[in-house]
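Below: the structure, in C-alpha coordinates.
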Amino acid sequence: MELVLLLVLGLALGFALGWLVARQRTEPAAQGVDPAVLEAQQARAEAQQAQVEAHHARVVAEVRHAEAAARAEVERELSAALASLEGVGRELAAAQQQYRETIDQQRREARRREAEGQTESKILQQLAPVARQLGDMRLKVDEIEKQRSHQHGQLTEQLRVTHETAAQSKQAAEALAAALSNNSVRGTYGETQLRTLVESAGLLNRIDYSVQESITADSGARRPDMVINLPGGKRLAIDSKVPYRAFIDAYREELDDERRRQLRLDHARAVKKHVDELAAKQYWSGLETSPEFTIAFIPNEAILNDALDADPGLMEHAYAKGIALATPVNLWATLKTVALTWKQEQMAENARDLVALGRELYKRLGTMSDHVTKLGRSLERTVGDYNKFVGSLERQVLSTARKLDAVDEAAQLGAVPEIEDADPRRLAAAEFAVFEDLERPELPQSLFEGEIVEDEQRDIG
(Lines of atoms letter the chains of each structure in order from A and count residues from 1; the text may use other names and numbers.)
(Lines give C-alpha, C1' and ligand atoms only; values in the text may rest on other atoms or scores of the structure.)
Protein backbone atom coordinates (compact mmCIF):
# COMPACT_ATOMS: atom_id res chain seq x y z
CA MET A 1 0.00 0.00 0.00
CA GLU A 2 2.88 2.41 0.82
CA LEU A 3 4.52 1.60 -2.52
CA VAL A 4 1.39 2.62 -4.45
CA LEU A 5 1.16 5.91 -2.55
CA LEU A 6 4.80 6.72 -3.36
CA LEU A 7 4.24 6.03 -7.07
CA VAL A 8 1.15 8.22 -7.15
CA LEU A 9 2.99 11.01 -5.31
CA GLY A 10 5.96 10.90 -7.74
CA LEU A 11 3.68 11.03 -10.78
CA ALA A 12 1.77 13.99 -9.36
CA LEU A 13 5.01 15.84 -8.59
CA GLY A 14 6.43 15.29 -12.11
CA PHE A 15 3.16 16.39 -13.68
CA ALA A 16 3.20 19.59 -11.61
CA LEU A 17 6.83 20.40 -12.54
CA GLY A 18 6.21 19.92 -16.25
CA TRP A 19 3.17 22.13 -16.09
CA LEU A 20 5.20 24.89 -14.40
CA VAL A 21 8.02 24.69 -16.97
CA ALA A 22 5.63 24.90 -19.86
CA ARG A 23 3.88 27.87 -18.31
CA GLN A 24 7.11 29.73 -17.75
CA ARG A 25 8.05 29.26 -21.39
CA THR A 26 4.78 30.59 -22.71
CA GLU A 27 4.09 33.38 -20.31
CA PRO A 28 7.28 35.49 -20.96
CA ALA A 29 6.80 35.39 -24.64
CA ALA A 30 3.32 36.62 -24.28
CA GLN A 31 4.28 39.34 -21.85
CA GLY A 32 7.44 40.49 -23.64
CA VAL A 33 9.94 39.21 -21.09
CA ASP A 34 13.61 39.23 -21.76
CA PRO A 35 14.72 36.06 -23.45
CA ALA A 36 17.88 35.87 -21.41
CA VAL A 37 15.86 35.99 -18.34
CA LEU A 38 13.66 33.42 -19.78
CA GLU A 39 16.59 31.22 -20.65
CA ALA A 40 17.93 31.65 -17.20
CA GLN A 41 14.59 30.77 -15.81
CA GLN A 42 14.37 27.96 -18.23
CA ALA A 43 17.80 26.77 -17.24
CA ARG A 44 16.75 26.95 -13.63
CA ALA A 45 13.59 25.22 -14.47
CA GLU A 46 15.46 22.54 -16.38
CA ALA A 47 17.87 22.19 -13.49
CA GLN A 48 14.95 21.92 -11.16
CA GLN A 49 13.37 19.46 -13.52
CA ALA A 50 16.60 17.51 -13.65
CA GLN A 51 16.64 17.55 -9.87
CA VAL A 52 13.03 16.54 -9.85
CA GLU A 53 13.72 13.77 -12.34
CA ALA A 54 16.76 12.68 -10.37
CA HIS A 55 14.70 12.82 -7.27
CA HIS A 56 11.97 11.03 -9.13
CA ALA A 57 14.47 8.43 -10.31
CA ARG A 58 15.70 8.03 -6.78
CA VAL A 59 12.20 7.84 -5.54
CA VAL A 60 11.35 5.35 -8.25
CA ALA A 61 14.45 3.34 -7.42
CA GLU A 62 13.61 3.48 -3.77
CA VAL A 63 10.05 2.64 -4.58
CA ARG A 64 11.14 -0.27 -6.74
CA HIS A 65 13.61 -1.39 -4.09
CA ALA A 66 10.96 -1.07 -1.46
CA GLU A 67 8.55 -2.77 -3.80
CA ALA A 68 11.05 -5.61 -4.37
CA ALA A 69 11.69 -5.88 -0.65
CA ALA A 70 8.00 -5.74 0.01
CA ARG A 71 7.36 -8.28 -2.73
CA ALA A 72 10.06 -10.53 -1.26
CA GLU A 73 8.60 -10.04 2.17
CA VAL A 74 5.11 -10.70 0.84
CA GLU A 75 6.37 -13.75 -0.97
CA ARG A 76 8.08 -14.96 2.18
CA GLU A 77 4.98 -14.30 4.19
CA LEU A 78 2.90 -15.88 1.45
CA SER A 79 5.21 -18.92 1.40
CA ALA A 80 5.02 -19.10 5.15
CA ALA A 81 1.27 -18.65 4.97
CA LEU A 82 1.03 -21.32 2.29
CA ALA A 83 3.22 -23.61 4.34
CA SER A 84 1.13 -22.88 7.39
CA LEU A 85 -1.99 -23.37 5.32
CA GLU A 86 -0.69 -26.73 4.14
CA GLY A 87 0.05 -27.69 7.75
CA VAL A 88 -3.38 -26.53 8.73
CA GLY A 89 -4.80 -28.54 5.83
CA ARG A 90 -2.93 -31.58 6.92
CA GLU A 91 -4.03 -31.03 10.49
CA LEU A 92 -7.56 -30.46 9.25
CA ALA A 93 -7.40 -33.67 7.19
CA ALA A 94 -6.00 -35.52 10.18
CA ALA A 95 -8.68 -33.99 12.37
CA GLN A 96 -11.33 -34.91 9.83
CA GLN A 97 -9.93 -38.48 9.66
CA GLN A 98 -9.81 -38.66 13.41
CA TYR A 99 -13.33 -37.26 13.56
CA ARG A 100 -14.55 -39.87 11.08
CA GLU A 101 -12.73 -42.60 12.99
CA THR A 102 -14.21 -41.28 16.23
CA ILE A 103 -17.68 -41.24 14.68
CA ASP A 104 -17.17 -44.77 13.33
CA GLN A 105 -15.86 -45.90 16.70
CA GLN A 106 -18.83 -44.32 18.45
CA ARG A 107 -21.21 -45.96 15.99
CA ARG A 108 -19.53 -49.33 16.45
CA GLU A 109 -19.57 -48.80 20.21
CA ALA A 110 -23.26 -47.89 20.05
CA ARG A 111 -24.01 -50.97 17.94
CA ARG A 112 -21.91 -53.08 20.32
CA ARG A 113 -23.72 -51.67 23.34
CA GLU A 114 -27.03 -52.25 21.63
CA ALA A 115 -26.01 -55.82 20.77
CA GLU A 116 -24.71 -56.33 24.30
CA GLY A 117 -27.95 -54.94 25.65
CA GLN A 118 -29.96 -57.34 23.52
CA THR A 119 -27.64 -60.21 24.44
CA GLU A 120 -27.79 -59.23 28.09
CA SER A 121 -31.56 -59.05 27.86
CA LYS A 122 -31.69 -62.50 26.27
CA ILE A 123 -29.26 -63.83 28.86
CA LEU A 124 -31.31 -62.31 31.65
CA GLN A 125 -34.44 -63.88 30.18
CA GLN A 126 -32.69 -67.23 29.95
CA LEU A 127 -31.23 -66.84 33.43
CA ALA A 128 -34.57 -65.91 34.96
CA PRO A 129 -35.32 -69.55 35.98
CA VAL A 130 -31.79 -69.82 37.31
CA ALA A 131 -32.32 -66.63 39.28
CA ARG A 132 -35.52 -68.04 40.73
CA GLN A 133 -33.74 -71.28 41.56
CA LEU A 134 -30.91 -69.31 43.13
CA GLY A 135 -33.47 -67.43 45.17
CA ASP A 136 -35.05 -70.68 46.29
CA MET A 137 -31.61 -72.07 46.96
CA ARG A 138 -30.73 -68.99 48.98
CA LEU A 139 -33.85 -69.53 51.08
CA LYS A 140 -32.95 -73.18 51.50
CA VAL A 141 -29.37 -72.24 52.39
CA ASP A 142 -30.70 -69.79 54.97
CA GLU A 143 -32.96 -72.51 56.34
CA ILE A 144 -30.07 -74.98 56.35
CA GLU A 145 -27.91 -72.40 58.07
CA LYS A 146 -30.57 -71.97 60.73
CA GLN A 147 -30.81 -75.72 61.11
CA ARG A 148 -27.01 -75.96 61.19
CA SER A 149 -26.86 -73.36 63.91
CA HIS A 150 -29.53 -75.24 65.83
CA GLN A 151 -27.77 -78.56 65.22
CA HIS A 152 -24.46 -76.97 66.17
CA GLY A 153 -25.98 -76.03 69.48
CA GLN A 154 -27.36 -79.53 69.88
CA LEU A 155 -24.00 -80.99 68.85
CA THR A 156 -22.25 -78.82 71.38
CA GLU A 157 -24.64 -80.05 74.03
CA GLN A 158 -24.15 -83.64 72.89
CA LEU A 159 -20.38 -83.19 72.95
CA ARG A 160 -20.66 -81.86 76.46
CA VAL A 161 -22.80 -84.82 77.46
CA THR A 162 -20.42 -87.16 75.62
CA HIS A 163 -17.47 -85.62 77.43
CA GLU A 164 -19.23 -86.11 80.74
CA THR A 165 -20.19 -89.65 79.74
CA ALA A 166 -16.61 -90.36 78.70
CA ALA A 167 -15.39 -89.10 82.04
CA GLN A 168 -17.95 -91.26 83.80
CA SER A 169 -17.01 -94.21 81.58
CA LYS A 170 -13.36 -93.66 82.42
CA GLN A 171 -14.18 -93.68 86.10
CA ALA A 172 -16.32 -96.79 85.64
CA ALA A 173 -13.55 -98.44 83.62
CA GLU A 174 -11.04 -97.66 86.34
CA ALA A 175 -13.42 -99.03 88.94
CA LEU A 176 -14.01 -102.12 86.77
CA ALA A 177 -10.28 -102.58 86.31
CA ALA A 178 -9.79 -102.36 90.04
CA ALA A 179 -12.60 -104.86 90.61
CA LEU A 180 -11.35 -107.29 87.95
CA SER A 181 -7.95 -107.38 89.55
CA ASN A 182 -9.52 -109.88 91.97
CA ASN A 183 -9.56 -113.48 90.66
CA SER A 184 -12.94 -114.34 92.19
CA VAL A 185 -14.53 -111.20 90.74
CA ARG A 186 -13.11 -112.03 87.31
CA GLY A 187 -14.54 -115.54 87.54
CA THR A 188 -17.97 -114.24 88.51
CA TYR A 189 -17.80 -111.67 85.70
CA GLY A 190 -16.98 -114.33 83.10
CA GLU A 191 -19.72 -116.70 84.31
CA THR A 192 -22.28 -113.88 84.33
CA GLN A 193 -21.33 -112.83 80.81
CA LEU A 194 -21.57 -116.45 79.65
CA ARG A 195 -25.01 -116.96 81.21
CA THR A 196 -26.31 -113.69 79.72
CA LEU A 197 -25.01 -114.66 76.31
CA VAL A 198 -26.60 -118.12 76.46
CA GLU A 199 -29.97 -116.72 77.52
CA SER A 200 -29.88 -114.09 74.75
CA ALA A 201 -29.31 -116.91 72.24
CA GLY A 202 -32.63 -118.46 73.30
CA LEU A 203 -31.40 -121.47 75.34
CA LEU A 204 -33.20 -122.47 78.55
CA ASN A 205 -31.51 -123.34 81.83
CA ARG A 206 -31.73 -127.01 82.94
CA ILE A 207 -33.19 -127.85 79.53
CA ASP A 208 -30.73 -126.71 76.90
CA TYR A 209 -27.82 -126.18 79.29
CA SER A 210 -26.74 -126.72 82.87
CA VAL A 211 -24.48 -124.62 85.11
CA GLN A 212 -21.70 -125.91 87.40
CA GLU A 213 -22.59 -129.53 86.72
CA SER A 214 -20.39 -132.07 88.49
CA ILE A 215 -18.82 -134.63 86.15
CA THR A 216 -16.17 -137.32 86.45
CA ALA A 217 -13.49 -136.93 83.78
CA ASP A 218 -10.32 -138.88 83.17
CA SER A 219 -8.49 -136.18 85.14
CA GLY A 220 -10.84 -136.56 88.13
CA ALA A 221 -13.95 -134.83 89.45
CA ARG A 222 -14.62 -131.64 87.54
CA ARG A 223 -17.21 -128.84 87.42
CA PRO A 224 -17.25 -126.95 84.11
CA ASP A 225 -18.87 -123.53 84.15
CA MET A 226 -21.54 -124.68 81.68
CA VAL A 227 -22.56 -127.78 79.71
CA ILE A 228 -24.58 -127.29 76.53
CA ASN A 229 -27.03 -130.05 75.58
CA LEU A 230 -26.93 -130.73 71.85
CA PRO A 231 -29.54 -132.56 69.76
CA GLY A 232 -28.98 -136.29 69.53
CA GLY A 233 -27.90 -136.63 73.16
CA LYS A 234 -24.53 -134.89 72.63
CA ARG A 235 -23.10 -132.47 75.19
CA LEU A 236 -20.44 -129.76 75.05
CA ALA A 237 -18.51 -128.16 77.94
CA ILE A 238 -17.80 -124.39 78.13
CA ASP A 239 -15.43 -122.82 80.62
CA SER A 240 -15.00 -119.06 81.15
CA LYS A 241 -11.50 -117.55 81.36
CA VAL A 242 -10.61 -113.88 81.96
CA PRO A 243 -6.83 -113.27 81.68
CA TYR A 244 -6.83 -109.59 82.57
CA ARG A 245 -3.90 -108.26 84.59
CA ALA A 246 -1.16 -108.17 81.91
CA PHE A 247 -3.65 -106.92 79.32
CA ILE A 248 -4.76 -103.91 81.35
CA ASP A 249 -1.18 -103.13 82.41
CA ALA A 250 -0.03 -103.11 78.76
CA TYR A 251 -2.23 -100.12 77.93
CA ARG A 252 -1.28 -97.72 80.65
CA GLU A 253 -0.30 -94.30 79.29
CA GLU A 254 3.11 -93.98 80.96
CA LEU A 255 4.63 -97.11 79.36
CA ASP A 256 7.15 -97.08 76.51
CA ASP A 257 6.78 -99.27 73.43
CA GLU A 258 9.20 -101.98 74.56
CA ARG A 259 7.56 -102.38 77.95
CA ARG A 260 4.11 -102.44 76.32
CA ARG A 261 5.26 -105.13 73.85
CA GLN A 262 6.63 -107.22 76.73
CA LEU A 263 3.37 -106.95 78.67
CA ARG A 264 1.39 -107.99 75.59
CA LEU A 265 3.59 -111.07 75.27
CA ASP A 266 2.96 -111.79 78.95
CA HIS A 267 -0.77 -111.50 78.25
CA ALA A 268 -0.51 -113.96 75.34
CA ARG A 269 1.41 -116.39 77.59
CA ALA A 270 -1.31 -116.05 80.25
CA VAL A 271 -3.99 -116.99 77.70
CA LYS A 272 -1.84 -119.89 76.53
CA LYS A 273 -1.47 -121.04 80.14
CA HIS A 274 -5.26 -121.04 80.56
CA VAL A 275 -5.54 -123.12 77.37
CA ASP A 276 -3.07 -125.70 78.67
CA GLU A 277 -4.80 -125.89 82.07
CA LEU A 278 -8.22 -126.29 80.47
CA ALA A 279 -6.96 -128.96 78.08
CA ALA A 280 -5.52 -130.92 81.01
CA LYS A 281 -8.99 -131.15 82.63
CA GLN A 282 -10.39 -133.08 79.62
CA TYR A 283 -14.02 -132.18 80.27
CA TRP A 284 -15.16 -134.14 77.20
CA SER A 285 -14.09 -137.42 78.81
CA GLY A 286 -16.69 -136.93 81.55
CA LEU A 287 -19.56 -136.25 79.13
CA GLU A 288 -21.39 -138.88 77.12
CA THR A 289 -21.16 -138.53 73.32
CA SER A 290 -19.26 -135.25 73.57
CA PRO A 291 -16.94 -133.95 70.84
CA GLU A 292 -13.34 -134.04 72.02
CA PHE A 293 -12.91 -130.32 72.59
CA THR A 294 -13.91 -127.67 75.11
CA ILE A 295 -14.89 -124.07 74.42
CA ALA A 296 -12.81 -121.51 76.33
CA PHE A 297 -15.02 -118.42 76.60
CA ILE A 298 -13.19 -115.08 76.87
CA PRO A 299 -15.83 -112.40 77.59
CA ASN A 300 -13.98 -109.55 75.87
CA GLU A 301 -13.06 -109.30 72.19
CA ALA A 302 -10.04 -107.09 72.80
CA ILE A 303 -8.51 -109.52 75.30
CA LEU A 304 -8.41 -112.37 72.76
CA ASN A 305 -7.51 -110.18 69.77
CA ASP A 306 -4.57 -108.63 71.62
CA ALA A 307 -3.28 -112.08 72.60
CA LEU A 308 -3.60 -113.32 68.99
CA ASP A 309 -1.74 -110.23 67.73
CA ALA A 310 1.10 -110.87 70.16
CA ASP A 311 1.16 -114.65 69.45
CA PRO A 312 -0.34 -115.51 66.02
CA GLY A 313 0.12 -119.24 66.65
CA LEU A 314 -2.04 -119.20 69.77
CA MET A 315 -5.23 -120.25 67.97
CA GLU A 316 -3.56 -123.25 66.32
CA HIS A 317 -2.00 -124.24 69.64
CA ALA A 318 -5.44 -124.16 71.30
CA TYR A 319 -7.05 -126.31 68.58
CA ALA A 320 -4.22 -128.81 68.86
CA LYS A 321 -5.00 -129.06 72.58
CA GLY A 322 -8.72 -129.55 71.95
CA ILE A 323 -9.65 -126.03 73.04
CA ALA A 324 -11.75 -123.64 70.94
CA LEU A 325 -11.16 -120.00 71.89
CA ALA A 326 -14.43 -118.05 71.69
CA THR A 327 -15.47 -114.45 72.24
CA PRO A 328 -19.05 -113.17 72.72
CA VAL A 329 -19.52 -112.66 68.98
CA ASN A 330 -18.63 -116.11 67.65
CA LEU A 331 -19.92 -117.94 70.75
CA TRP A 332 -23.28 -116.23 70.38
CA ALA A 333 -23.42 -117.37 66.75
CA THR A 334 -22.59 -120.92 67.87
CA LEU A 335 -25.24 -120.90 70.62
CA LYS A 336 -27.78 -119.41 68.23
CA THR A 337 -27.04 -122.29 65.86
CA VAL A 338 -27.59 -124.74 68.72
CA ALA A 339 -30.92 -123.08 69.56
CA LEU A 340 -31.96 -123.28 65.92
CA THR A 341 -30.91 -126.93 65.82
CA TRP A 342 -33.07 -127.61 68.87
CA LYS A 343 -36.01 -125.93 67.16
CA GLN A 344 -35.47 -128.05 64.07
CA GLU A 345 -35.17 -131.14 66.26
CA GLN A 346 -38.43 -130.23 67.97
CA MET A 347 -40.06 -129.70 64.58
CA ALA A 348 -38.74 -133.05 63.39
CA GLU A 349 -40.07 -134.73 66.54
CA ASN A 350 -43.44 -133.05 66.02
CA ALA A 351 -43.37 -134.24 62.42
CA ARG A 352 -42.68 -137.78 63.57
CA ASP A 353 -45.57 -137.55 66.03
CA LEU A 354 -47.81 -136.24 63.27
CA VAL A 355 -46.75 -139.10 61.00
CA ALA A 356 -47.55 -141.62 63.75
CA LEU A 357 -50.92 -139.98 64.38
CA GLY A 358 -51.63 -139.92 60.66
CA ARG A 359 -50.73 -143.57 60.33
CA GLU A 360 -53.02 -144.42 63.26
CA LEU A 361 -55.80 -142.26 61.80
CA TYR A 362 -55.49 -143.99 58.44
CA LYS A 363 -55.68 -147.38 60.11
CA ARG A 364 -58.78 -146.36 62.05
CA LEU A 365 -60.35 -144.92 58.93
CA GLY A 366 -59.66 -148.26 57.24
CA THR A 367 -61.45 -150.07 60.06
CA MET A 368 -64.33 -147.62 59.80
CA SER A 369 -64.46 -148.22 56.05
CA ASP A 370 -64.78 -151.96 56.71
CA HIS A 371 -67.64 -151.33 59.11
CA VAL A 372 -69.36 -149.03 56.63
CA THR A 373 -69.01 -151.65 53.89
CA LYS A 374 -70.44 -154.33 56.18
CA LEU A 375 -73.28 -151.98 57.13
CA GLY A 376 -74.09 -151.45 53.45
CA ARG A 377 -74.16 -155.16 52.85
CA SER A 378 -76.39 -155.62 55.90
CA LEU A 379 -78.74 -152.98 54.53
CA GLU A 380 -78.88 -154.81 51.21
CA ARG A 381 -79.77 -158.09 53.00
CA THR A 382 -82.35 -156.30 55.16
CA VAL A 383 -84.05 -154.80 52.09
CA GLY A 384 -84.14 -158.21 50.43
CA ASP A 385 -85.57 -159.90 53.52
CA TYR A 386 -88.17 -157.14 53.84
CA ASN A 387 -89.24 -157.53 50.24
CA LYS A 388 -89.47 -161.32 50.69
CA PHE A 389 -91.58 -160.75 53.79
CA VAL A 390 -93.92 -158.41 51.90
CA GLY A 391 -94.24 -160.88 49.03
CA SER A 392 -95.04 -163.72 51.42
CA LEU A 393 -97.53 -161.48 53.20
CA GLU A 394 -99.26 -160.58 49.95
CA ARG A 395 -99.38 -164.12 48.62
CA GLN A 396 -100.17 -166.14 51.72
CA VAL A 397 -101.67 -163.90 54.40
CA LEU A 398 -103.47 -161.07 52.69
CA SER A 399 -105.01 -163.31 50.01
CA THR A 400 -106.82 -165.19 52.75
CA ALA A 401 -107.65 -162.04 54.69
CA ARG A 402 -109.23 -160.39 51.65
CA LYS A 403 -111.84 -163.14 51.60
CA LEU A 404 -113.25 -161.45 54.70
CA ASP A 405 -114.20 -158.44 52.52
CA ALA A 406 -117.33 -160.26 51.53
CA VAL A 407 -118.36 -160.48 55.17
CA ASP A 408 -117.59 -156.83 56.07
CA GLU A 409 -117.22 -154.55 53.04
CA ALA A 410 -116.36 -151.57 55.25
CA ALA A 411 -113.10 -153.19 56.34
CA GLN A 412 -110.91 -153.03 53.26
CA LEU A 413 -107.30 -154.22 53.52
CA GLY A 414 -104.91 -152.18 51.41
CA ALA A 415 -101.77 -153.40 49.68
CA VAL A 416 -98.59 -153.51 51.71
CA PRO A 417 -95.95 -151.29 49.98
CA GLU A 418 -92.67 -152.80 49.01
CA ILE A 419 -89.31 -151.22 49.55
CA GLU A 420 -87.73 -150.31 46.26
CA ASP A 421 -84.60 -152.21 45.42
CA ALA A 422 -81.68 -149.85 45.77
CA ASP A 423 -77.97 -150.37 46.13
CA PRO A 424 -76.39 -148.58 49.11
CA ARG A 425 -73.91 -145.84 48.09
CA ARG A 426 -70.34 -146.91 48.25
CA LEU A 427 -67.50 -144.75 49.52
CA ALA A 428 -66.34 -143.07 46.30
CA ALA A 429 -63.95 -140.46 47.79
CA ALA A 430 -60.33 -140.81 46.64
CA GLU A 431 -59.16 -140.83 50.25
CA PHE A 432 -61.05 -144.11 50.88
CA ALA A 433 -59.68 -145.77 47.76
CA VAL A 434 -56.47 -146.37 49.68
CA PHE A 435 -58.29 -148.51 52.24
CA GLU A 436 -59.27 -151.00 49.58
CA ASP A 437 -55.57 -151.29 48.73
CA LEU A 438 -54.76 -151.73 52.40
CA GLU A 439 -56.77 -154.96 52.31
CA ARG A 440 -54.78 -156.30 49.38
CA PRO A 441 -52.14 -158.65 50.79
CA GLU A 442 -50.04 -158.62 47.63
CA LEU A 443 -49.01 -154.94 48.24
CA PRO A 444 -46.33 -154.20 50.91
CA GLN A 445 -47.55 -152.09 53.81
CA SER A 446 -44.32 -150.05 53.80
CA LEU A 447 -45.44 -148.52 50.51
CA PHE A 448 -48.50 -146.93 52.14
CA GLU A 449 -46.58 -145.93 55.24
CA GLY A 450 -44.03 -144.08 53.05
CA GLU A 451 -46.84 -142.23 51.28
CA ILE A 452 -48.39 -141.32 54.61
CA VAL A 453 -45.06 -139.98 55.93
CA GLU A 454 -44.45 -137.95 52.77
CA ASP A 455 -47.94 -136.45 52.93
CA GLU A 456 -47.45 -135.51 56.57
CA GLN A 457 -44.06 -133.90 55.88
CA ARG A 458 -45.53 -131.98 52.96
CA ASP A 459 -48.33 -130.68 55.18
CA ILE A 460 -45.80 -129.66 57.85
CA GLY A 461 -43.62 -127.88 55.29
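Note that our numbering numbers the sequence shown so that position 335 is 1232, with each residue one more than the last.
From the three backbone atoms N, C-alpha and C, an ideal C-beta is built for every residue, glycine too.
From Lys1240 to Glu1096, what distance separates their C-alpha atoms?
Taking the first residue of the sequence shown as position 1, residue 1240 is located at position 343. Taking the first residue of the sequence shown as position 1, residue 1096 is located at position 199. Distance between the alpha carbons of Lys1240 and Glu1096: 15 Å.
Can you give the Cα-Cα distance for Ala1114 and Ala1165, rounded to whole angstroms?
Counting from one through the sequence shown, the residue named residue 1114 turns up at place 217. Counting from one through the sequence shown, the residue named residue 1165 turns up at place 268. Distance between the alpha carbons of Ala1114 and Ala1165 is about 28 Å.
Just checking, does the segment 1221-1239 make contact with the segment 1179-1199 on the three C-beta pairs under 8 Å criterion?
The segment 1221-1239 is in contact with the segment 1179-1199.
Taking 7 Å as the CB-CB cut-off, is Pro1209 touching chain C?
In summary, chain C is missing from the structure at hand, where a single protein chain is found.
In or out: Ala1223 buried (at least 16 other Cβ within 10 Å) or exposed?
As a working mapping, residue 1223 is identified with position 326 in the sequence shown. Flag for Ala1223 reads buried.
From Pro1026 to Gln1015, what does the alpha carbon distance come to, in whole angstroms?
Numbered from its first residue, the sequence shown carries residue 1026 at position 129. Numbered from its first residue, the sequence shown carries residue 1015 at position 118. Rounded to whole angstroms, Pro1026 to Gln1015 spans 18 Å at the Cα level.
Check this for me: beta carbons of Gln1179 and Ser1116, under 7 Å apart or not?
On the sequence shown, residue 1179 is found 282 positions in, with the first residue counted as 1. On the sequence shown, residue 1116 is found 219 positions in, with the first residue counted as 1. Cβ distance < 7 Å, so Gln1179 and Ser1116 count as in contact.
May I ask you to report which of helix, strand or coil DSSP gives Gly1117?
What you label residue 1117 is simply residue 220 of the sequence shown in a count that begins at 1. Residue state, collapsed to three classes: strand.
Do you know offhand how far Ile1125's Cα is from Arg1149's?
The count along the sequence shown starts at 1 and reaches residue 1125 at position 228. The count along the sequence shown starts at 1 and reaches residue 1149 at position 252. When rounded, the distance between both Cα atoms is 38 Å.
Can you check whether the CB of Pro1140 is closer than 7 Å to the CB of Val1172?
Position 275 of the sequence shown holds residue 1172. Position 243 of the sequence shown holds residue 1140. The answer is no: Cβ separation not under 7 Å.
So, with DSSP's three-state summary, where would you put Leu1222?
For this step, residue 1222 is matched to residue 325 along the sequence shown. Looking at Leu1222 - three-state DSSP - the assignment turns out to be strand.
Going by DSSP in three states, Ser1107 sits in which element: helix, strand or coil?
Locating residue 1107 in the sequence shown gives position 210, counting from the first residue. Strand.
If we call anything under 7 Å between Cβ atoms a contact, is Glu1088 one with Asp1122?
The sequence position of residue 1088 within the sequence shown is 191, counting from 1. The sequence position of residue 1122 within the sequence shown is 225, counting from 1. A contact, by the Cβ cut-off of 7 Å.
Could you give the DSSP three-state label for Asp1136: helix, strand or coil?
Along the sequence shown, read from residue 1 onward, the residue named residue 1136 stands at position 239. DSSP places Asp1136 in strand when its eight states are reduced to three.
Run through the segment 1216-1271 for me and flag every whole beta strand (DSSP E) of 3 or more residues, listed as ranges in chain order.
The qualifying runs are 1220-1223.
Roughly how many angstroms separate the alpha carbons of Glu964 and Val957, rounded to a whole number?
What you label residue 964 is simply residue 67 of the sequence shown in a count that begins at 1. What you label residue 957 is simply residue 60 of the sequence shown in a count that begins at 1. When rounded, the distance between both Cα atoms is 10 Å.
Out of Asp1203, Pro1209, His1214, which one is the CA nearest neighbour of Ala1176?
Taking the sequence shown and counting its residues from 1, the one referred to as residue 1176 is at position 279. When each option's Cα is compared against that of Ala1176, the closest is His1214.
Take Ile1200 and list the residues in its own chain whose beta-carbon comes closer than 6 Å to its own, dropping the five residues that flank it on each side.
Residue 1200 sits at position 303 when you count from the first residue of the sequence shown. Cβ neighbours of Ile1200 beyond the five flanking positions: Phe1144.
Please classify Leu1211 as buried or exposed, where buried requires at least 16 other C-beta atoms within 10 Å of its C-beta.
On the sequence shown, position 314 is the one that residue 1211 refers to. With 16 or more Cβ atoms within 10 Å of its Cβ, Leu1211 is classed as buried.
By the DSSP assignment, the beta strand (DSSP E) with Gln1126 in it spans what residues?
By one-based count along the sequence shown, residue 1126 stands at place 229. At residue 1126 the sequence reads Asn, which differs from the Gln that was named. First-last of the beta strand (DSSP E) with Asn1126: 1123-1126.
Looking at the unbroken beta strand (DSSP E) that takes in Ala1098, where does it start and where does it end?
Here residue 1098 refers to the residue found at position 201 when the sequence shown is read from its first residue. First-last for Ala1098: undefined, no H or E at that position.
Would you decide whether Gly1183 is buried or exposed? Buried here means 16 or more other CB atoms lie within 10 Å of its CB.
Stepping through the sequence shown from its first residue, residue 1183 is reached at position 286. Buried: at least 16 other Cβ atoms inside 10 Å.
When DSSP builds the beta bridges, which residues end up paired with Ala1193?
Indexing the sequence shown from 1 puts residue 1193 at position 296. Ala1193 pairs with Asp1136, Leu1222.
Asp1153: buried (16+ other C-beta within 10 angstroms of its C-beta) or exposed?
Taking the first residue of the sequence shown as position 1, residue 1153 is located at position 256. It is exposed - the Cβ of Asp1153 has fewer than 16 other Cβ atoms within 10 Å.
Tell me, which residues are paired with Ile1020 by DSSP?
Counting from one through the sequence shown, the residue named residue 1020 turns up at place 123. Per DSSP, none; premise fails for Ile1020.
If you check the beta carbons only, do Gly1129 and Ala1236 fall under 7 Å apart?
Position 232 of the sequence shown, counted from the first residue, corresponds to residue 1129. Position 339 of the sequence shown, counted from the first residue, corresponds to residue 1236. The answer is no: Cβ separation not under 7 Å.
For Leu1162 versus Ala1118, is the C-beta spacing smaller than 7 Å?
Here residue 1162 is taken as the residue at index 265 of the sequence shown, counted from 1. Here residue 1118 is taken as the residue at index 221 of the sequence shown, counted from 1. Their beta carbons are not under 7 Å apart, which means Leu1162 does not touch Ala1118 by this criterion.
Verify whether the separation of the beta carbon atoms of Ala1221 and Phe1190 is less than 7 Å.
In the sequence shown, the residue the question calls residue 1221 occupies position 324. In the sequence shown, the residue the question calls residue 1190 occupies position 293. Yes, Cβ-Cβ distance for Ala1221 and Phe1190 is below 7 Å.
Can you tell me the Cβ-Cβ gap for Thr1186 and Lys1131, rounded? I've got them flagged as a contact below 8 Å.
Along the sequence shown, read from residue 1 onward, the residue named residue 1186 stands at position 289. Along the sequence shown, read from residue 1 onward, the residue named residue 1131 stands at position 234. That pair is a contact at about 5 Å.
Could you tell me the distance, in whole angstroms, from the CA atom of Lys1043 to the CA atom of Lys1037?
The residue you call residue 1043 lines up with position 146 of the sequence shown. The residue you call residue 1037 lines up with position 140 of the sequence shown. Approximately 10 Å, taken between the alpha carbons.
Of all the options Asp1146, Gly1263, Arg1256, Ile1112, which has the alpha carbon lying nearest to the alpha carbon of Leu1133?
For the purposes of this step, residue 1133 is identified with residue 236 of the sequence shown, where counting begins at 1. Answer by Cα proximity: Ile1112.
How would you label Val1294, buried or exposed, when you count the other beta carbons within 10 angstroms and need 16 or more for buried?
As a position in the sequence shown, residue 1294 is number 397, starting the count at 1. Exposed.
Who are Ile1000's beta bridge partners in DSSP?
Within the sequence shown, the letter at position 103 stands for residue 1000. Per DSSP, none; premise fails for Ile1000.
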